[in-house]
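These notes are about the structure you will find just below.
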Amino acid sequence: HALLTTIVSPGILSVAGTGEATVGVAIGAVAGEADKLIPINAGDIVLAVVLFCVALIVEYGSLLQQLSDDTL
């Protein structure tokens, strides 16, 4: 119970939220309209790019292994 209380306490949540980088895309004729801003979490985009790169590395390793098996 104490661990759960510590995890969901407002102090911990505010510390956990400080690492987010949020950018936005403005929509509308006037660039200063803040109410028509679509927020984009840059952290999620970076994570997706990293995971995509890891998937490409694994796929390339699999291809190299297959080529190595074919030469034997």
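Count along the sequence shown from 1, then add 1478; that gives the number in our numbering. The beta-carbon is built from N, C-alpha and C at its ideal position, and this holds for glycine as well.
Length of the line joining the Cα atoms of residue i and residue j
i, j, result
"residue 1496", "residue 1549", "In this prediction, residue 1496 has a pLDDT of 46, which is less than 50 and means its spatial position is unreliable; what the coordinates show is noted afterwards. Those two C-alpha atoms are separated by around 52 Å."
"residue 1546", "residue 1517", "47 Å"
"residue 1544", "residue 1538", "10 Å"
"residue 1533", "residue 1521", "18 Å"
"residue 1528", "residue 1519", "15 Å"
"residue 1540", "residue 1526", "21 Å"
Outcome for residue i when other beta-carbon atoms lying within 10 angstroms are tallied against a minimum of 16
i, result
"residue 1535", "exposed"
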